[in-house]
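One structure is given below, encoded as structure tokens.
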Amino acid sequence: MGDILALAGSNLLSPIILSFALGLAAALARSDLSVPEAAAKAMSIYLLFAIGFKGGAAVADHGVDANLILSLFAGVLLSFALPLVAFALLRGLTQLGPIDAAAIAAHYGSISIVTFVAASSVLTAQGMEFEGYMVAVAASMEAPAIVSALWLATRGPAGRKVESGLWQEILLNGSIVLLVGAFLIGLITGPRGLEDLAPFIISPWKGVLCLFLLDMGLVAGRGLRNARGILTPALLGFGILMPLVGASLGLATGLALGLIPGGVAMMMVLAASASYIAVPAAMRVALPEANPAISLTLSLGITFPFNLVLGIPLYIAIARTMTGAP
Amino acid sequence: MGDILALAGSNLLSPIILSFALGLAAALARSDLSVPEAAAKAMSIYLLFAIGFKGGAAVADHGVDANLILSLFAGVLLSFALPLVAFALLRGLTQLGPIDAAAIAAHYGSISIVTFVAASSVLTAQGMEFEGYMVAVAASMEAPAIVSALWLATRGPAGRKVESGLWQEILLNGSIVLLVGAFLIGLITGPRGLEDLAPFIISPWKGVLCLFLLDMGLVAGRGLRNARGILTPALLGFGILMPLVGASLGLATGLALGLIPGGVAMMMVLAASASYIAVPAAMRVALPEANPAISLTLSLGITFPFNLVLGIPLYIAIARTMTGAP
Amino acid sequence: MGDILALAGSNLLSPIILSFALGLAAALARSDLSVPEAAAKAMSIYLLFAIGFKGGAAVADHGVDANLILSLFAGVLLSFALPLVAFALLRGLTQLGPIDAAAIAAHYGSISIVTFVAASSVLTAQGMEFEGYMVAVAASMEAPAIVSALWLATRGPAGRKVESGLWQEILLNGSIVLLVGAFLIGLITGPRGLEDLAPFIISPWKGVLCLFLLDMGLVAGRGLRNARGILTPALLGFGILMPLVGASLGLATGLALGLIPGGVAMMMVLAASASYIAVPAAMRVALPEANPAISLTLSLGITFPFNLVLGIPLYIAIARTMTGAP
Amino acid sequence: MQTHKAKRVEIIIEAPMERRLTDALLGAGVTGFTTLPVMGGSGRSGQWTREGQVGRAGMLAVVCLIRPERLDGLLEAAFAVVERHIGVVSVTDCDVLRAERF
Amino acid sequence: MQTHKAKRVEIIIEAPMERRLTDALLGAGVTGFTTLPVMGGSGRSGQWTREGQVGRAGMLAVVCLIRPERLDGLLEAAFAVVERHIGVVSVTDCDVLRAERF
Amino acid sequence: MQTHKAKRVEIIIEAPMERRLTDALLGAGVTGFTTLPVMGGSGRSGQWTREGQVGRAGMLAVVCLIRPERLDGLLEAAFAVVERHIGVVSVTDCDVLRAERF
Ligand SMILES: Nc1ncnc2c1ncn2[C@@H]1O[C@H](COP(=O)(O)O)[C@@H](O)[C@H]1O
Ligand SMILES: Nc1ncnc2c1ncn2[C@@H]1O[C@H](COP(=O)(O)O)[C@@H](O)[C@H]1O
Ligand SMILES: Nc1ncnc2c1ncn2[C@@H]1O[C@H](COP(=O)(O)O)[C@@H](O)[C@H]1O
Ligand code: NA
Ligand code: NA
Ligand code: NA
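Chains as they are written, first to last, in the working numbering: chain A, 228 to 553; chain B, 228 to 553; chain C, 228 to 553; chain D, 102 to 203; chain E, 102 to 203; chain F, 102 to 203.
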């Protein structure tokens, strides 16, 4: 417990979290500080490319673990299952209708790659490794949640058929393609390729992450400011409870797969995190009646900071304890 | 004297100045070379974050100097006072009406953070240090000048009340918030945080500064091209005289505070430099009748290059002599 | 031959080429992956600045070769001559009218700086040097091809006069100005300047190139997708044949100039590559009746990948053999 | 100068729906349109801004000049796409140069 | 298709005034508007471009579709903000789909 | 509010032609106009998007509010520039505030 607090404390005072806090505070105080959209997109491309490449190079280095396929499969299953849990919780805890509940459930079944990136930075700082293919697991968990959520939203008698073009759009979503593509490039070019690109994708990485989190803080703060009145206490509770529920399922999955401690922690992080890029766009297309402000504010304004500040150190500590790591 | 010239000479041929010159020449020759707005904004965010962080980390390293509070206070006073001097000079030297004179005075009382950044790069190249909290002093000098200038512009019988929302807007201006925020992050995370982010905020820093100055040169050149006829000889004279007057007041302030030689030079640079980001926007809101082309062309087209090329080496040399530095 | 294949093979599996392939595949599969326009422009500014600076610093280091002037002159001549060859080939091989043929010819007479940059990265990986002033030769070859092409298009009885402002626009094109300017800055500040900027313009360079090529792949893929039906087999043949013809002329020029092996390879690369930035804009102004989709698709969708994947290793191998390099 | 009567249709639509709208327009034989970026706005679903956004969020404006007699086909195609979605559609009378282009 | 008469108001205003304008619109009960970016322009105060600018410089375009009877309220609110400032305001007749949204 | 009749001209033109068009407008005494960015579009020469483009590619929109009696001069100046080029020109009736600005 003391350990978790110490880790949470040192995590709390890292440049990464403080940058997020700065952005959040600036937006809540109505400062006009803002990161241009193109710069934010460029940073997210950089981060996806770097994390994907590093994962691929690590797999190339360590050899393809027999667990790779199993882990992918488990990730897909988890992403299918999480929305069902989230939907049940939302319908039980809040007054939301099925459409809104399904839209939010899709966000929580999918993953947030920045949370993954931030967790990888905390793990690295503590000298903990994780399986390189966790990046591929992350990619595999982006889309299945959308399928479950659409099934939840449309299964009633008034259920509409989901338009065919949507599936291709979801699977070929830019962030999935970039993550998987960079993973493959890392896998093919291996440690030599990584060495080549290290001054670009490793050295400045943490600094870029700081600026990106500054922007995330700004966006989250603006969202929270515009969402006054939308977030009921029950919704707030869901935003904290759901990542814990997700992390528990992630923990069980990680342990069942026999991942190393860092890998278990990452599986928890993935299950606990909520999408704020790919899923929102898909929901606008498929469930336009859902109020996008609710899901985005929950995922970016509540769950993301919770995971960033408390969740990640907590999940790491639990993963350590449960795997018997020193 | 020979020293100043040598320094000016080597300064003149640094990649930073040459990049500015390239931008200026390209714009004056009507080349279509241009830096996208989003890229320019991203570079300015990077530079503000880096300089703020480094200042905070330096303060964390050296301990909080008793002088910190005093220097902040002196900076605020200086920023309040400079517009009065500038206004008097403008009304004496030129034909400008009170509104235009006040708007220009606000620019010169405030500061240019790029000039500060460029000066820090020259100081570093010469192995001279300056107090880390000079970054905080820089931030504290951004806004007070606007207050003085509005008082100058509105004190007459026709004086309007300044709209209330404006003060909050000025104090929470993006560049102030980012500079102060990054300073605090640097202060909290200290040398360890700096080490973490060094490959991002220290190593590539000078190169980013080159490209940013390329853009500044382009913008200044476009401004000069469009401002033919606006810049009278008297205004031009003001654009050179005022930084020298400001630097003298900065020198007196720096010496009175007992700053180290590099700190004195920085105080001179701050007093001598003129804003071209925060103040222009505030003036558009508060003094819309003022012609923005005059103040921007003066500050960016005349005073900025003057400080960059001649001012900085001159101020450093004077600060050395007056503090008895070797 | 085995050597070429080995080189082509290792080239094929470099992160640079794989990034291009990723972009191409993503666009052809209709993924919504995209790089913001401002980020793409910023990367191209970075690459032009870095390659120009490095060339200038190399010249400053090795001293100005007597061959510099001669090489510039040869480059200009080559750029004048190549469109005549391309035009003849196009009129012989395809059904295109003179306007379209002339517009395409202009692209192939001019050069692609990214191909040059990619080739320099392959050469560096093999420990081969090339004359620093090849960057200046590259700049000198951008514009003359436009002159020849306009002459080809307008020489008939219906020939219009080319508008006067166009020449200035072509010569002061942003990419020429930046390349030449950065070359001069590198020349003036020399190896010391290069050392100063190395963490910005050398270390992360390859990584930026990867992301830039990802974007080029996306743009090329989108172009190919929209150009179905435009590319006849004859045009496709031209897109492969012309770089080989160009490379042969480049080889002859390089050998005649007595360049070192890497320099000969670079001359081949320049002659073989086709413009996709400066020339398209000039053609829109001067030959608006030409269909821009044909030339861009040919140059970016066919010739650029051909050079990237097969051309560069082939030209290097030939240059080695012909100069008797080990 | 010689001008011709036409209609200017402006459709402000969610960015993720862009391809569906342009596909529908092309499907209805409307091959001429121009897409403009939008920075932010306000409506019944609240205020928003594009600043710092990473995803395909926000709205877009699609402007379409068209012969009056083809307006109804266009509106029907557009309406089928925007029907369930937020956004607005407006039509203005205008005159165009070079009518042969429409 | 069923359309309804409306007005399209286009306000080109200095970027630093954006929040004041949108606050004034919301204050006057105008909750629907869209902001478009502007790259450059020319007017009595000269020519300008947004290229490479770092500060909150330049202009913006705010487009507002509104029922005809509410036009005057909108124009008064907007005018109070732009009165002392550079920029232009134009009003066009238009027809809108889905009138219940305005 | 007091408004005045005016014309709103919208010219969608190739980006490389921008300076030529604005020079022609200024040459014809039209000193007020605003340039808006364009993200993509479709026309007889196919579909295009600005995404990821490095060169000065694509189109731009130039909007010009002008007194009705000066419309012809503007259209002639603009037409001389766009004549051989792709792009479209439309004119709408509008009312403007502060007529003294035009
Ligand atoms: N009356 C209007 N005038 C202009 N744009 C509007 C209007 N109403 C809505 N919009 C735009 O459409 C978006 C969605 O509107 P709404 O469906 O009302 O939430 C808003 O954010 C605006 O960008
Ligand atoms: N007649 C006009 N048509 C379109 N935009 C205009 C017009 N006049 C001014 N503008 C825009 O408003 C800005 C300021 O205009 P001005 O107050 O005349 O300097 C210009 O830079 C243009 O962007
Ligand atoms: N009817 C139209 N309505 C709106 N924009 C158009 C129209 N036709 C063409 N455009 C724009 O002008 C560009 C060139 O058109 P075109 O000359 O038909 O290829 C297109 O890519 C569109 O951006
Ligand atoms: Na999740
Ligand atoms: Na000052
Ligand atoms: Na060539």
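Here a beta-carbon is modelled for each residue, glycine too, at the ideal position from N, C-alpha and C.
Chain B contacts from the region 118-134 of chain E (Cβ-Cβ distance under 9 Å): Of all residues in the region 118-134 of chain E, only Met118, Arg120, Arg121, Asp124 come within less than 9 Å of chain B when Cβ atoms are compared, listed by chain position.
For C/Phe247 and D/Pro117, the rounded distance between their alpha carbons: Here residue 117 of chain D refers to the residue found at position 16 when the fourth sequence is read from its first residue. Here residue 247 of chain C refers to the residue found at position 20 when the third sequence is read from its first residue. Rounded to the nearest angstrom, the two C-alpha atoms are 26 Å apart.
A/Ile415: CB within 7 Å of a non-hydrogen atom of ligand 1: The count along the first sequence starts at 1 and reaches residue 415 of chain A at position 188. Placement of the Cβ of A/Ile415 at a distance of 7 Å or more from every heavy atom of ligand 1 is found.
Top-ranked residue by Cα proximity to A/Ala284, from A/Pro532, A/Ala409, A/Pro431: Within the first sequence, residue 284 of chain A is the residue found at index 57, counting from 1. Minimum Cα distance to A/Ala284 is reached at A/Ala409.
Residue range of the unbroken alpha helix (DSSP H) whose run includes A/Pro460: Within the first sequence, numbered from 1, the residue matching residue 460 of chain A stands at position 233. Unbroken alpha helix (DSSP H) run through A/Pro460: 460-484.
B/Ala474 versus B/Thr342 - alpha carbon distance: For the purposes of this step, residue 474 of chain B is taken as the residue at position 247 of the second sequence. For the purposes of this step, residue 342 of chain B is taken as the residue at position 115 of the second sequence. B/Ala474 and B/Thr342 have their C-alpha atoms spaced approximately 13 Å apart.
Among A/Pro431, A/Gly420, A/Pro507, nearest to C/Ser241 - alpha-carbon criterion: Here residue 241 of chain C refers to the residue found at position 14 when the third sequence is read from its first residue. Selected option, being the one with the closest Cα: A/Gly420.
Near-chain A residues of the region 261-278 of chain C (beta-carbon distance less than 8 Å), N- to C-terminal order: Correct list: Ser261, Val262, Pro263, Glu264, Ala265, Ala266, Ala269.
Inter-stretch contact at 8 Å, needing at least 3 Cβ pairs: the region 348-366 of chain C / the region 391-411 of chain C: Yes, since at least three Cβ pairs between the region 348-366 of chain C and the region 391-411 of chain C fall closer than 8 Å, the two stretches touch.
CB contact below 8 Å: D/Ile114 versus chain E: The residue you call residue 114 of chain D lines up with position 13 of the fourth sequence. No, no contact with chain E.
Distance cut-off 7 Å: E/Gly133 Cβ against heavy atoms of ligand 1: The count along the fifth sequence starts at 1 and reaches residue 133 of chain E at position 32. Yes; taking the cut-off as 7 Å, the Cβ of E/Gly133 has a heavy atom of ligand 1 nearer than that.
Cβ-based neighbour list, C/Ala380, same chain, cut-off 7 Å, excluding 5 preceding and 5 following: In the third sequence, residue 380 of chain C corresponds to position 153, counting from 1. Closer than 7 Å at the Cβ level, and outside the excluded window around C/Ala380, lie Pro325, Ile326, Ala329, Leu514.
Near-chain A residues of the region 152-172 of chain D (beta-carbon distance less than 8 Å), N- to C-terminal order: Within the region 152-172 of chain D, the residues whose Cβ lies closer than 8 Å to some Cβ of chain A are Glu152, Gly153, Gln154, Val155, Gly156, Arg157, Ala158, listed in chain order.
Where the region 414-439 of chain A meets chain C: residues whose CB sits under 8 Å from a CB there: Here the close residues are Ile415, Thr416, Gly420, Asp423, Leu424, Pro426, Phe427, Ile428, Ser430, Pro431.
Cα-Cα separation between B/Phe427 and A/Trp432, rounded to whole angstroms: Locating residue 427 of chain B in the second sequence gives position 200, where the first residue counts as 1. Locating residue 432 of chain A in the first sequence gives position 205, where the first residue counts as 1. If you draw a straight line from the Cα of B/Phe427 to the Cα of A/Trp432, it comes to about 7 Å.
For B/Met270, the three-state DSSP class (helix, strand or coil): Along the second sequence, one-based indexing puts residue 270 of chain B at 43. Here B/Met270 sits in helix by DSSP.
Distance cut-off 7 Å: C/Ser475 Cβ against heavy atoms of ligand 2: Locating residue 475 of chain C in the third sequence gives position 248, where the first residue counts as 1. With a threshold of 7 Å, the Cβ atom of C/Ser475 does not count as near ligand 2, since no heavy atom of the ligand is closer than that.
Opposing strand residues paired with A/Glu369 [DSSP bridges]: Position 142 of the first sequence holds residue 369 of chain A. In the DSSP output, where bridge partners are listed per residue, A/Glu369 has none listed.
Candidates C/Met355, C/Ser298, C/Pro310, C/Asp442: closest to C/Ile243 by CA position: Looking up residue 243 of chain C in the third sequence gives position 16. In terms of CA proximity to C/Ile243, C/Asp442 leads the group C/Met355, C/Ser298, C/Pro310, C/Asp442.
Residue-chain proximity (C/Pro242, chain A), Cβ-Cβ < 8 Å: Numbered from its first residue, the third sequence carries residue 242 of chain C at position 15. Contact of C/Pro242 with chain A is assigned, a C-beta pair being separated by under 8 Å.
Same chain, Cβ closer than 7 Å to C/Ala333, five either side skipped, listed in chain order: On the third sequence, position 106 is the one that residue 333 of chain C refers to. Counting only Cβ-Cβ distances below 7 Å, and skipping sequence neighbours, we find Pro310, Ala372, Ile373, Ala376, Val506, Met510.
E/Leu175: CB within 7 Å of a non-hydrogen atom of ligand 7: Here the bound small molecules are ligand 1, ligand 2, ligand 3, ligand 4, ligand 5 and ligand 6; ligand 7 is not part of this structure.
Close Cβ partners of A/Thr459 (< 7 Å) along its chain, the five nearest in sequence each way excluded: Numbered from its first residue, the first sequence carries residue 459 of chain A at position 232. Result list for A/Thr459: Thr321, in chain order.
C/Ile373 Cβ short of 7 Å to ligand 1 heavy atom set: Stepping through the third sequence from its first residue, residue 373 of chain C is reached at position 146. Not under cutoff, so the answer is no.
Contacts that B/Ile504 makes with chain E (C-beta to C-beta distance below 7 Å): Counting from 1 along the second sequence, the entry for residue 504 of chain B is found at position 277. For B/Ile504, the chain E residues whose C-beta falls within less than 7 Å of its own C-beta are Val155, Gly156, listed in chain order.
Distance cut-off 7 Å: A/Leu323 Cβ against heavy atoms of ligand 1: Taking the first residue of the first sequence as position 1, residue 323 of chain A is located at position 96. Not under cutoff, so the answer is no.
A/Asn534 at chain D interface by Cβ criterion, 8 Å: Residue 534 of chain A sits at position 307 when you count from the first residue of the first sequence. It does not; no Cβ of chain D falls within 8 Å.
C/Ile467 CB to nearest heavy atom of ligand 6 below 7 Å: As a working mapping, residue 467 of chain C is identified with position 240 in the third sequence. Taking non-hydrogen atoms of ligand 6 into account, the C-beta of C/Ile467 is found less than 7 Å away from none of them.
When C/Leu537, C/Thr550, C/Gly282 are compared against C/Leu234, the one with the closest alpha-carbon: Counted from its first residue, the third sequence places residue 234 of chain C at position 7. Among C/Leu537, C/Thr550, C/Gly282, the Cα nearest to that of C/Leu234 is on C/Leu537.
The region 170-198 of chain E: positions lying closer than 7 Å to chain F by Cβ: Taken in chain order, the members of the region 170-198 of chain E whose beta-carbon sits within less than 7 Å of a beta-carbon on chain F are Asp173, Leu176, Glu177, Phe180, Val189, Val190, Ser191, Val192, Thr193.
Closest Cα partner of A/Met494 within the set A/Ser258, A/Phe314, A/Ile340: Indexing the first sequence from 1 puts residue 494 of chain A at position 267. Per the Cα distances, A/Ile340.
Counterpart residues of C/Ile278 in DSSP-defined beta bridges: Counting from one through the third sequence, the residue named residue 278 of chain C turns up at place 51. Note: C/Ile278 sits in no beta bridge, so no partner.
Distance cut-off 7 Å: A/Gly456 Cβ against heavy atoms of ligand 1: Here residue 456 of chain A corresponds to residue number 229 of the first sequence, with the count starting at 1. Not one heavy atom of ligand 1 falls within 7 Å of the beta-carbon of A/Gly456.
Stretch pair the region 105-115 of chain D + the region 145-161 of chain D: three plus CB contacts closer than 8 Å: A contact exists between the region 105-115 of chain D and the region 145-161 of chain D.
Close-in-space but distant-in-sequence residues of the same chain around C/Arg547 (CB under 6 Å, 5 per side omitted): The residue given as residue 547 of chain C occupies position 320 in the third sequence. Residues Pro488 of the same chain have their beta carbon placed closer than 6 Å to that of C/Arg547, with the five preceding and five following residues left out of the count.
Distance cut-off 7 Å: B/Leu309 Cβ against heavy atoms of ligand 5: Numbered from its first residue, the second sequence carries residue 309 of chain B at position 82. Relative to ligand 5, the nearest heavy atom lies less than 7 Å away from the CB of B/Leu309.
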